[in-house]
Each structure stands twice: as C-alpha cells, then as structure tokens.
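Student:
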Amino acid sequence: MAFRLTPHERGFYPLFTRAAENIVVAADQLAAMVEAVPADRPAIAKRVKEAENAGDELTHEIMVKLNSVFVTPFDREDIYRLASSLDDCVDHIEEAADRIVLYRLERLPAGITMQVDVLRRAAAATAEAMPRLERMAALQDYWIHVNSLEDEADEAYHAVLAGLLSPAETPTDPAAVLEIIKLKEVVDTLEEAADAFETVANTVESIAVKEA
Amino acid sequence: MAFRLTPHERGFYPLFTRAAENIVVAADQLAAMVEAVPADRPAIAKRVKEAENAGDELTHEIMVKLNSVFVTPFDREDIYRLASSLDDCVDHIEEAADRIVLYRLERLPAGITMQVDVLRRAAAATAEAMPRLERMAALQDYWIHVNSLEDEADEAYHAVLAGLLSPAETPTDPAAVLEIIKLKEVVDTLEEAADAFETVANTVESIAVKEA
Amino acid sequence: MAFRLTPHERGFYPLFTRAAENIVVAADQLAAMVEAVPADRPAIAKRVKEAENAGDELTHEIMVKLNSVFVTPFDREDIYRLASSLDDCVDHIEEAADRIVLYRLERLPAGITMQVDVLRRAAAATAEAMPRLERMAALQDYWIHVNSLEDEADEAYHAVLAGLLSPAETPTDPAAVLEIIKLKEVVDTLEEAADAFETVANTVESIAVKEA
Numbered sequence: 001m002a003f004r005l006t007p008h009e010r011g012f013y014p015l016f017t018r019a020a021e022n023i024v025v026a027a028d029q030l031a032a033m034v035e036a037v038p039a040d041r042p043a044i045a046k047r048v049k050e051a052e053n054a055g056d057e058l059t060h061e062i063m064v065k066l067n068s069v070f071v072t073p074f075d076r077e078d079i080y081r082l083a084s085s086l087d088d089c090v091d092h093i094e095e096a097a098d099r100i101v102l103y104r105l106e107r108l109p110a111g112i113t114m115q116v117d118v119l120r121r122a123a124a125a126t127a128e129a130m131p132r133l134e135r136m137a138a139l140q141d142y143w144i145h146v147n148s149l150e151d152e153a154d155e156a157y158h159a160v161l162a163g164l165l166s167p168a169e170t171p172t173d174p175a176a177v178l179e180i181i182k183l184k185e186v187v188d189t190l191e192e193a194a195d196a197f198e199t200v201a202n203t204v205e206s207i208a209v210k211e212a
Numbered sequence: 001m002a003f004r005l006t007p008h009e010r011g012f013y014p015l016f017t018r019a020a021e022n023i024v025v026a027a028d029q030l031a032a033m034v035e036a037v038p039a040d041r042p043a044i045a046k047r048v049k050e051a052e053n054a055g056d057e058l059t060h061e062i063m064v065k066l067n068s069v070f071v072t073p074f075d076r077e078d079i080y081r082l083a084s085s086l087d088d089c090v091d092h093i094e095e096a097a098d099r100i101v102l103y104r105l106e107r108l109p110a111g112i113t114m115q116v117d118v119l120r121r122a123a124a125a126t127a128e129a130m131p132r133l134e135r136m137a138a139l140q141d142y143w144i145h146v147n148s149l150e151d152e153a154d155e156a157y158h159a160v161l162a163g164l165l166s167p168a169e170t171p172t173d174p175a176a177v178l179e180i181i182k183l184k185e186v187v188d189t190l191e192e193a194a195d196a197f198e199t200v201a202n203t204v205e206s207i208a209v210k211e212a
Numbered sequence: 001m002a003f004r005l006t007p008h009e010r011g012f013y014p015l016f017t018r019a020a021e022n023i024v025v026a027a028d029q030l031a032a033m034v035e036a037v038p039a040d041r042p043a044i045a046k047r048v049k050e051a052e053n054a055g056d057e058l059t060h061e062i063m064v065k066l067n068s069v070f071v072t073p074f075d076r077e078d079i080y081r082l083a084s085s086l087d088d089c090v091d092h093i094e095e096a097a098d099r100i101v102l103y104r105l106e107r108l109p110a111g112i113t114m115q116v117d118v119l120r121r122a123a124a125a126t127a128e129a130m131p132r133l134e135r136m137a138a139l140q141d142y143w144i145h146v147n148s149l150e151d152e153a154d155e156a157y158h159a160v161l162a163g164l165l166s167p168a169e170t171p172t173d174p175a176a177v178l179e180i181i182k183l184k185e186v187v188d189t190l191e192e193a194a195d196a197f198e199t200v201a202n203t204v205e206s207i208a209v210k211e212a
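Protein chains in written order, with the UniProt record's numbering: chain A, 1 to 212; chain B, 1 to 212; chain C, 1 to 212.
(1) Which whole-angstrom value describes the C-beta separation of V71(C) and N22(C), a residue pair presumed to lie in contact below a C-beta threshold of 8 Å?
(2) Hey, out of S85(A), L165(A), L183(A), whose CA is closest to L183(B)'s CA?
(3) Check for me: the alpha helix (DSSP H) holding residue 213(A) runs from which residue to which?
(4) How long is the line joining the alpha carbons of A124(A) and V24(A), rounded to whole angstroms?
(5) What residue range is occupied by the uninterrupted alpha helix (DSSP H) comprising V200(A)?
(6) Measure the Cβ-Cβ separation of L149(C) and A208(C) and say whether it is below 8 Å.
(7) Let me check understanding here. Comparing Cα to Cα, which of N53(C), A54(C), R107(C) lies closest to R41(C)?
(8) Where does the unbroken alpha helix (DSSP H) through A124(C) begin, and where does it stop?
(9) Quick check on F3(A): does DSSP put it in helix, strand or coil?
(10) Nearest CA to the CA of P38(B): which residue from I100(B), I181(B), A129(B), T113(B)?
(11) Can we say the region 58 to 78 of chain A touches the region 156 to 171 of chain A, given the rule of at least three CB pairs closer than 8 Å?
(12) Between the alpha carbons of Q115(B) and A97(B), how many angstroms are there, rounded?
(13) Spell out whether any CB of chain B is found under 8 Å from the CB atom of E152(A).
(14) Could you check if R81(A) is buried or exposed, using at least 16 other CB atoms within 10 Å of its CB as the buried criterion?
(15) Can you tell me where the alpha helix (DSSP H) holding V71(B) begins and where it ends?
(16) Please list the partners that I181(A) has in chain C, where partner means a Cβ-to-Cβ separation under 8 Å.
(17) Please list, in chain order, the residues of the region 79 to 113 of chain C that have any C-beta partner in chain B closer than 7 Å.
(18) For a contact defined as C-beta to C-beta under 8 Å, what are the partners of P171(C) on chain A?
(19) Can you confirm whether E77(B), when its beta carbon is compared against all beta carbons of chain C, has any partner nearer than 8 Å?
(20) Which chain C residues are close to A162(B), counting only those with a beta carbon under 8 Å from its beta carbon?
(21) Going by other Cβ atoms of all chains shown within 10 Å of its Cβ, with 16 needed for buried, is S68(C) buried or exposed?
(22) Starting from the beta carbon of V64(B), find every residue of chain A whose beta carbon is closer than 9 Å, and list them in chain order.
(23) Mind pulling the chain C residues with CB within less than 9 Å of residue 213(A)?
(24) Is the CB of H145(B) under 8 Å away from at least one CB in chain C?
(25) Determine, for H60(B), whether the minimum Cβ-Cβ distance to residues of chain C falls below 8 Å.
(26) Assuming T189(A) and H92(A) form a contact by the criterion Cβ under 8 Å, report the distance between their Cβ atoms to the nearest whole angstrom.
(27) Closest to L105(C) by CA distance: which of M33(C), R47(C), R121(C) is it?
(28) Please report the straight-line C-alpha distance between P73(A) and E9(A), rounded to a whole angstrom.
(29) Can you tell me whether F3(A) is buried or exposed? The criterion is at least 16 other CB atoms within 10 Å of its CB, across all chains shown.
(30) Is it buried or exposed for V64(A), if we count other Cβ within 10 angstroms and need 16 for buried?
(31) For D78(B), tell me which candidate among A212(B), S206(B), A168(B) has the shortest Cα-Cα distance.
(32) Is A127(C) close to chain B, meaning its C-beta is less than 8 Å from at least one C-beta of that chain?
(33) Of the residues D141(C), V186(C), R132(C), which one's Cα is nearest the Cα of Y157(C)?
(34) Within the region 44 to 102 of chain C, note down every full alpha helix (DSSP H) run reaching 4 residues or more, in order along the chain.
(35) Just the Cα atoms here: how many angstroms apart are M1(C) and A137(C)?
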C-alpha cells in the first residue's frame with residue numbers, strides 16, 4: 001500500500017533503517033570492547049553510550065511522527081512496538097557495556113564473547129531487513145534467521161550461566177562470589193538484548209502477515 | 001456477539017483453552033519436579049521444556065490468526081495481551097524448572113513448594129475459565145479467585161525471601177552465599193509466573209467488562 | 001476536545017490526578033523511611049503498602065471505566081499505558097520499602113537517599129502535571145523536567161552501584177556479600193521506579209502531541 005502514502009508518512013521507513021544501523025554500531029563496539037584490554041574499554045563504552053543516545057533520538061523522532069501523522073504505513077501499535085523493541089536492543093547493549101566498565105571487570109568468561117557474537121549477527125540481520133520493510137520483501141528469511149539466532153543466544157547464555165554459578169571449583173573467597181554477581185548481571189543483560197532482537201523480528205512478522 | 005463470527009474467527013477460543021491446558025501440564029510437572037529426588041529432575045525438566053515449546057507454537061498460531069483475520073471476537077490488543085500473558089506463564093515456569101537443573105540445586109526451601117502449589121492452582125483455574133470465554137460466563141469468579149491466589153503467592157514469596165536472604169544463621173561460607181543467589185533466581189522467577197497469571201486474569205476481566 | 005465529553009468520560013482526569021497524588025504519598029513515606037531509625041521503619045512501610053493498595057484500586061477504577069465507556073478523552077491505549085505506568089511507580093516504591101524492612105537492612109548507602117530524593121521530586125512533578133492534562137496546558141515543561149530527573153536518577157544509581165559492587169575494600173566476609181545482594185535489590189527497584197516516572201512522562205507527551 002506504499003503508493004498511497006505521502007512522503008511524510010513514508011518517512012517511517014528510513015527511521016527504522018537508521019535505528020537498526022545504529023544498533024549495528026553499538027553491537028560492533030560491544031564486540032570490540034570484550035576483545036580489548038581493560039584499559040581501552042572506557043573509551044569504547046563511551047562510543048556505545050553515544051549510539052544509545054542516537055537511538056533515543058531516533059526513537060523519539062519515530063514516536064513524534066507516529067503521534068502527528070494521520071496515516072501510517074502500518075498499524076500504530078506495530079510502529080510503537082517496532083520502535084520500542086529496536087530501542088530496547090541498543091539499551092541492553094549499552095547497559096552491558098556500561099556495567100563491564102563500571103564494575104571494572106577484568107576477565108570476562110568465554111561465553112560472553114559468544115553471546116556478543118550472536119548479538120552482532122542479529123544486529124546485522126536486522127539492519128539488512130529494515131530497508132525491505134517498505135516493499136515487504138524477503139522478510140520471512142529474516143525473522144526465521146533471528147529466531148534461530150535467539151536459540152543460539154539461549155545456548156550460549158545457558159553455558160555461561162552454568163559455568164559462572166556452578167563452577168567446577170566451589171569458591172572459597174567472598175570476593176569471588178561478588179565477582180560472580182557482577183558478571184551475572186552482564187550475562188543477563190546480554191540475554192535481554194537477544195530477546196529484544198527476537199521481539200523486533202516477531203513484530204516484523206506480525207506486520208508482514210497483516211499486509212499479506 | 002459470538003453468533004456473528006465465522007468458524008475461522010471463533011478459532012481463537014480453542015487456542016486459548018489449549019494454551020491454558022498446556023500451562024497446567026507445565027505447572028504439574030514443575031510440582032512433580034520440586035518433590036522429586038535431584039537425580040529424577042532433568043527428565044522432568046525436559047517435559048516442562050516440551051510444554052514451553054508447545055506453548056510457543058500455540059502463541060504463534062494465535063498471533064498469525066490475529067494478523068490474518070479481519071474480524072476478531074474481541075479487541076485485537078486484548079487478544080495480543082491474553083496470548084502474550086499466557087505465554088509468559090509457561091515461560092516463567094519453564095525458566096524456574098530449567099534453573100533448578102542447570103544450577104544442580106539439591107535442597108529447595110519449603111517456601112518454593114508453596115509457591116509452586118499456588119501456581120498449580122492458578123493454572124487449573126485459568127484452564128477451567130478459558131472455555132467460558134466464548135459465552136462470557138462465570139468469569140468474575142475466576143478473576144477474583146486468581147487475584148486472591150496472587151495474594152497467596154506474594155505471601156509465600158515474602159516468606160521464602162526472608163528465610164533465604166535473612167537466615168537465622170548468618171552464612172560464614174562463600175559457597176552458601178552463591179547457593180542463595182541461585183535459589184533467589186528460582187524464587188523470583190516463580191513470583192514472575194504468579195504475576196503472569198494475574199495479568200491473564202486482568203485481561204479476561206478487561207474483555208468481559210467491555211462485552212457486558 | 002473536552003467540551004464534547006460527558007461528565008462520565010471526563011471522570012478519567014480526576015482519577016489520574018488522584019493516582020499521581022497517591023504516588024506522592026508513597027514517595028514521601030519512602031523518603032521518611034530511609035531517614036528513620038530502623039525500629040521506626042516497619043510502621044512507615046505499612047503506610048507505603050496502604051498507598052500501594054489505594055493505587056491498585058485507582059488503577060482498577062480507571063481500567064473498568066476504560067472498558068465500559070464508549071468515548072474516551074484520548075486513545076484507549078494511551079489511557080491504558082498511563083494508568084499502568086502510574087501504577088508501576090507506586091509498585092516499585094512499595095517494593096523498595098518492603099525489602100528494606102523484610103531484609104532488616106540497617107545501614108543504607110548514601111546513594112539510596114539521593115535516588116529516593118529524585119523519586120520524590122518526580123512524583124511531585126507528576127502530581128502537579130496531571131490536573132493540566134484536561135486542558136493540555138504547560139505539559140511540555142513537565143515531561144522535559146521528568147526526563148532530566150531521570151538523568152539525575154541514572155547518575156545516582158550508577159554512583160551507588162559502583163560503590164556497592166566495587167567497594168574500596170574488597171569484602172572478606174560472606175555476610176558482607178549477602179548484604180550487598182540485598183541492597184542491590186533495593187537500589188535496582190528504585191531505578192525501576194525512576195524509569196516508570198519517565199514512562200508516565202513519555203505517555204503524556206504522546207497524548208499531548210496527538211491532541212496538538
């Protein structure tokens with residue numbers, strides 16, 4: 001139904017694409033951060049924070065447009081949900097990056113690298129799919145792909161949780177338990193980011209099915 | 001207004017009933033699990049996981065139907081909320097079962113058994129109410145009942161939290177604190193399940209009031 | 001469009017105002033509680049709980065009205081979101097107050113006082129804005145103010161998290177780590193309350209932009 005839309009209403013599509021490309025920036029920086037030596041992390045965290053701020057502005061722009069235009073390219077609730085879940089992706093990525101620096105975490109479990117790698121791939125898939133939203137083209141491949149990435153994320157999350165909370169050697173030092181609490185918060189937040197990508201994909205599926 | 005619905009649109013009702021019956025399966029298995037010896041728990045957790053997968057498929061079926069039919073028996077947002085909150089019930093139950101096995105928790109506090117018992121009763125009440133959704137019959141009893149069960153769940157949750165985090169004997173072993181972290185995650189997740197049942201009940205109330 | 005509304009439909013406005021004023025009561029009591037000596041806290045927590053119950057009743061009244069009236073002063077989804085997020089504010093405040101008493105927390109970090117102070121100001125700003133919802137007057141100042149309060153809340157939260165989880169002296173006592181777990185739950189809950197105030201403000205902005 002795109003041909004019935006005025007340029008103003010079509011303005012949603014580039015905003016969704018920019019929001020998704022912004023998540024790619026955040027996810028790539030997070031990946032660089034977990035690979036970096038601890039001394040380099042605060043500078044990288046700052047760039048993730050910048051991406052989060054950029055995401056907030058894009059979300060706000062979408063919401064203002066949503067509330068001020070009369071005709072929308074698809075259901076208002078779907079636009080609301082899509083914008084909110086894209087925002088959640090970058091928020092959780094930023095929160096994880098922030099905690100790594102705030103808690104001065106030095107050694108990160110290998111599982112975290114796997115979780116971040118899945119997020120990076122989910123972000124890339126999302127950014128690649130958003131420009132196809134207008135023509136509703138080849139979106140099924142995208143949401144199936146993201147759903148399978150979420151399964152991968154779950155597995156990585158489970159492995160790291162088990163290793164962290166039921167370690168081979170029972171901790172005998174209170175400081176080690178405190179370290180586990182901090183790492184668990186990062187790990188949980190990365191899982192929330194993976195869930196947010198799935199919510200984006202489910203919303204896109206919902207939009208596509210209605211338009212079909 | 002059911003008489004105006006085609007068979008296709010009426011198809012929502014059996015799906016809600018099946019989703020609720022599926023939660024009963026999950027809750028009953030969870031109850032069996034907390035009673036079982038640790039060695040038997042992984043096999044039971046597998047059955048809870050199967051219920052979660054079945055729930056995902058039912059939710060997906062409801063969402064696809066919601067997006068493809070023109071007329072719905074009640075507000076689209078209410079159908080969306082009802083399906084989502086039913087899905088949340090089984091998700092949280094599965095998450096609790098999963099953590100008990102993943103963290104190899106051996107001794108579960110008595111309070112957990114009480115929490116699970118309330119969930120089982122909330123699941124039964126929900127499954128019993130869903131078939132009455134079509135005729136909008138005797139639903140008030142159901143939502144009042146679930147709201148009082150949620151009060152019971154809160155009390156059980158409070159008691160177990162206090163016992164777990166402010167134990168009579170202050171822990172002197174770091175491993176004991178790690179155990180508390182793991183048990184707290186299970187306890188919190190069970191409380192989230194209780195909240196999800198209340199959200200289902202509130203959504204049903206919302207639907208019933210509109211139709212009255 | 002207020003002049004087109006019957007008295008019944010206009011009834012939403014006083015309910016929103018009362019819900020916001022009720023949050024002020026809860027936030028003020030919470031502030032009194034963190035200043036009080038531990039022995040006085042249970043009595044204050046009881047008053048916070050009473051405010052939470054009053055909030056539940058107001059939310060329920062709004063939802064029943066929402067489902068039973070034909071014409072609403074603004075979008076149903078916005079009324080639903082506004083009522084839910086006002087309810088979330090008082091729920092999180094009550095949860096924080098409850099945990100302080102339940103866990104018999106004696107010494108609260110200074111950061112918590114700062115978090116509570118921001119909540120108190122956010123509650124006051126919200127209660128002051130609600131009566132202007134009907135005339136849609138001077139609401140922009142309000143949501144800009146609450147958004148800047150949320151930035152302040154974030155800073156207070158960060159400072160207290162860092163001090164709590166990365167303390168100058170590494171804990172050598174398991175009981176100290178357990179204390180950190182309990183305090184972190186309170187601190188996280190206060191941050192959720194601050195987020196809920198921001199959601200209220202964002203919803204008001206969304207309503208105002210549509211009506212403009």
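Each residue gets a CB set at the ideal place from its N, CA and C atoms; glycine is no exception.
Tutor: With the structure as the only source:
(1) Here the question's residue 71(C) lines up with position 71 in the third sequence. Here the question's residue 22(C) lines up with position 22 in the third sequence. Between N22(C) and V71(C) the Cβ distance is about 26 Å, and since that is not below 8 Å, they are no contact.
(2) Along the second sequence, read from residue 1 onward, the residue named residue 183(B) stands at position 183. The shortest C-alpha separation from L183(B) is found at L165(A).
(3) Because chain A here runs from 1 to 212, residue 213(A) falls outside it and cannot be looked at.
(4) Numbered from 1 along the first sequence, position 124 holds the residue referred to as residue 124(A). Numbered from 1 along the first sequence, position 24 holds the residue referred to as residue 24(A). Roughly 6 Å between the two C-alpha positions.
(5) Translated into the one-based positions of the first sequence, residue 200(A) becomes position 200. In the DSSP assignment, V200(A) falls within the alpha helix (DSSP H) that extends over 174 to 211.
(6) Working through the third sequence from its first residue, we reach residue 149(C) at position 149. Working through the third sequence from its first residue, we reach residue 208(C) at position 208. Against a cut-off of 8 Å, the Cβ pair of A208(C) and L149(C) comes out as no contact.
(7) One-based indexing of the third sequence puts residue 41(C) at position 41. Checking every option, the nearest Cα to that of R41(C) belongs to R107(C).
(8) Locating residue 124(C) in the third sequence gives position 124, where the first residue counts as 1. Taken as a continuous stretch (DSSP letters only), the alpha helix (DSSP H) holding A124(C) covers 110 to 129.
(9) The residue given as residue 3(A) occupies position 3 in the first sequence. The predicted position of F3(A) is uncertain, since its pLDDT is 47 and thus under 50; no value can be drawn from it.
(10) Here the question's residue 38(B) lines up with position 38 in the second sequence. Among I100(B), I181(B), A129(B), T113(B), the Cα nearest to that of P38(B) is on I100(B).
(11) no
(12) To locate residue 115(B), count along the second sequence from 1; it is residue 115. To locate residue 97(B), count along the second sequence from 1; it is residue 97. Roughly 13 Å separates the two Cα atoms.
(13) Residue 152(A) sits at position 152 when you count from the first residue of the first sequence. Closer than 8 Å: no.
(14) To locate residue 81(A), count along the first sequence from 1; it is residue 81. It counts as buried.
(15) Counting from 1 along the second sequence, the entry for residue 71(B) is found at position 71. Unbroken run through V71(B): none, as it is neither H nor E.
(16) Locating residue 181(A) in the first sequence gives position 181, where the first residue counts as 1. Near I181(A) (Cβ distances below 8 Å), the residues of chain C are L165, V177, I180, I181, K184.
(17) L102, Y103, R104
(18) Here residue 171(C) refers to the residue found at position 171 when the third sequence is read from its first residue. Annotation: Cβ neighbours of P171(C) in chain A (cutoff 8 Å, chain order): P174, A175, L178.
(19) Here residue 77(B) corresponds to residue number 77 of the second sequence, with the count starting at 1. For E77(B), the answer is yes, since a Cβ of chain C falls inside 8 Å of its Cβ.
(20) Residue numbering aside, residue 162(B) sits at position 162 when the second sequence is read from its first letter. Neighbours of A162(B) on chain C, chain order: L102, Y103.
(21) Your numbering for residue 68(C) matches position 68 in the third sequence. By the neighbour-count rule (16 or more Cβ atoms within 10 Å), S68(C) is not buried but exposed.
(22) Counting from one through the second sequence, the residue named residue 64(B) turns up at place 64. Neighbours of V64(B) on chain A, chain order: E205, S206, V209.
(23) No answer is possible for residue 213(A): the residues shown for chain A start at 1 and end at 212.
(24) Indexing the second sequence from 1 puts residue 145(B) at position 145. So no, H145(B) is outside the interface.
(25) Numbered from its first residue, the second sequence carries residue 60(B) at position 60. Not closer than 8 Å to any Cβ of chain C, the Cβ of H60(B) fails to qualify, so no.
(26) The residue you call residue 189(A) lines up with position 189 of the first sequence. The residue you call residue 92(A) lines up with position 92 of the first sequence. At roughly 5 Å, the Cβ-Cβ gap stays under 8 Å, so T189(A) and H92(A) are in contact.
(27) Within the third sequence, numbered from 1, the residue matching residue 105(C) stands at position 105. For the options M33(C), R47(C), R121(C), the alpha carbon positioned closest to that of L105(C) is the one of M33(C).
(28) Here residue 73(A) is taken as the residue at index 73 of the first sequence, counted from 1. Here residue 9(A) is taken as the residue at index 9 of the first sequence, counted from 1. Using only the alpha carbons, I get a separation of about 7 Å.
(29) Residue mapping note: residue 3(A) aligns to position 3 of the first sequence, counting from 1. A caution first: F3(A) carries a pLDDT of 47, below 50, which makes its placement in the model unreliable, though a value can still be read off. Under this definition F3(A) is an exposed residue.
(30) Indexing the first sequence from 1 puts residue 64(A) at position 64. Taking all protein chains in view, the Cβ of V64(A) is surrounded by fewer than 16 other Cβ atoms within 10 Å, so the residue is classified as exposed.
(31) Position 78 of the second sequence, counting from 1, holds the residue named residue 78(B). Considering only alpha carbons, the answer is S206(B).
(32) Within the third sequence, residue 127(C) is the residue found at index 127, counting from 1. No, A127(C) does not count as interfacial toward chain B.
(33) Position 157 of the third sequence, counting from 1, holds the residue named residue 157(C). For the residues D141(C), V186(C), R132(C), the minimum Cα distance to Y157(C) belongs to V186(C).
(34) 76 to 102
(35) In the third sequence, counting from the first residue as 1, residue 1(C) sits at position 1. In the third sequence, counting from the first residue as 1, residue 137(C) sits at position 137. Residue placement at M1(C) is poorly supported in this model, since its pLDDT is 42, which falls under 50; the coordinates are not used for a value here.
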